[in-house]
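Going left to right, the sequence shown walks through residues 1 to 230 as the UniProt record's numbering numbers them. Heads up, the beta-carbon is just placed ideally off N, CA and C, and yes, glycines get one too. Keep in mind that this is a model prediction, so the values were computed, not measured.
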Amino acid sequence: MRRQGSATVSTTTLVTGIGELVTMDPAREAPRPGAGHAGRTVTRRGFVPALGIIERAAIVVDDDAVLWTGPEHAAPDADHQIDVEGRAVVPGFVDSHTHILFGGDRAYEYEARMAGARYDGGGIATTVAATRAADDATLTAHGYRLLSEMRRQGTTTVEIKSGYGLSVDDEARLLRIATTLTAETTFLGAHVVPPEYRDSPEIGSEAAAEMWTTPALTRRRSEYIELVVG
């Protein structure tokens with residue numbers, strides 16, 4: 001799309017040279033060697049739903065909307081053309097469970113466990129302490145770096161959970177930052193018992209539960225709510 005004076009003009013782009021286009025529409029896939037019933041591929045574990053693969057394909061897009069897909073020889077004209085030289089084109093990945101807003105680094109715990117050490121202390125409590133100590137700019141920059149890496153790896157839709165603040169103010173802060181990175185956010189206030197209630201877990205559980213009735217968390221900041229039980 002582009003503007004011409006006060007009007008918005010549609011600008012289309014034809015993407016050609018696609019070796020394999022994954023449409024996720026089984027009806028679009030031609031029979032392939034080894035295919036089973038209804039275009040599904042037979043494996044040792046049973047049938048795999050067909051991915052709707054079109055070989056030697058093309059796409060026509062307008063800004064962020066796909067207008068047409070099909071074999072390259074049948075492609076319509078467009079304003080611009082891009083040749084991807086045999087590359088595959090697949091839908092973006094959707095990651096519905098991430099905790100990318102946190103402080104600190106627990107890589108040393110993993111190394112210790114791999115070396116046979118017992119798991120004593122640390123864990124989520126270590127991350128909670130580091131997250132509470134980190135300022136907004138640090139958490140935002142860290143989250144943006146991880147989000148950028150996910151996008152480079154093909155993830156186009158991301159849900160971000162809170163859960164490493166474990167207090168009303170810290171959880172609200174994480175959700176506020178999360179909304180600057182993605183449209184999909186989840187309040188996970190009762191991730192674990194807050195560390196300050198380690199010696200009084202019942203009181204800590206009540207304190208965590210109270211966060212669920214805080215409008216600043218459940219109504220304004222978060223699209224979804226998640227509860228860990230057990």
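Could you work out which residue in the options is closest to residue i when comparing CA atoms only?
i      : options                        : result
Ala137 : Thr180, Thr11, Pro194          : Thr180
Thr214 : Phe187, Tyr197, Pro195, Asp199 : Phe187
Thr69  : Ala172, Leu101, Val90          : Val90
Thr13  : Arg28, Ala27, Ala50, Val66     : Val66
Glu226 : Glu184, Tyr197, Ala27          : Glu184
Arg118 : Glu109, Ile124, Thr126, Ala88  : Glu109
Thr140 : Leu101, Glu171, Arg106         : Leu101
Gly86  : Glu72, Pro76, Asp170           : Glu72
Asp83  : Leu146, Val22, Ile59, Asp105   : Ile59
His191 : Tyr164, Leu175, Ala107, Glu149 : Tyr164
Phe93  : Asp199, Glu206, Leu147, Ala130 : Leu147
Arg132 : Asp170, Ile124, Ala107         : Asp170
Tyr197 : Arg28, Val61, Ala125           : Ala125
Ala88  : Val22, His80, Ala75            : Val22
Thr11  : Asp62, Leu51, Arg152           : Asp62
Thr127 : Arg173, Gly104, Ala178, Tyr144 : Gly104
So, with DSSP's three-state summary, where would you put residue i?
i           : result
Pro195      : helix
His37       : Since pLDDT at His37 reaches only 49, below the 50 mark, its modelled position is unreliable, and the value read off the structure follows with that caveat. Helix, per DSSP.
Leu181      : coil
Ala78       : coil
Ala50       : coil
Asp136      : helix
Ala65       : strand
residue 231 : Because the chain spans 1 through 230 in this model, residue 231 falls outside it and cannot be assessed.
Val168      : helix
Thr131      : helix
Ala117      : coil
Glu29       : coil
Taking 8 angstroms as the CB-CB cut-off, is residue i touching chain C?
i      : result
Leu101 : Of the protein chains in this structure there is only one, and it is not chain C.
Using the DSSP secondary-structure output, state which residues sit across from residue i in a beta bridge.
i      : result
Ala57  : Ile18, Pro71
Thr157 : Val94
Val89  : Leu21
Tyr224 : Thr186
Asp83  : Thr16
Legend entry - Segment contact flag, the region 145 to 162 with the region 88 to 103, C-beta cutoff 8 angstroms, min 3 pairs: Pairwise C-beta distances place the region 145 to 162 in contact with the region 88 to 103, as three or more of them are shorter than 8 angstroms.
Inset, instruction - Spell out a yes or no on whether the region 18 to 26 and the region 55 to 64 are touching, meaning 3 or more CB-CB pairs, one atom from each, closer than 8 angstroms. - result: yes
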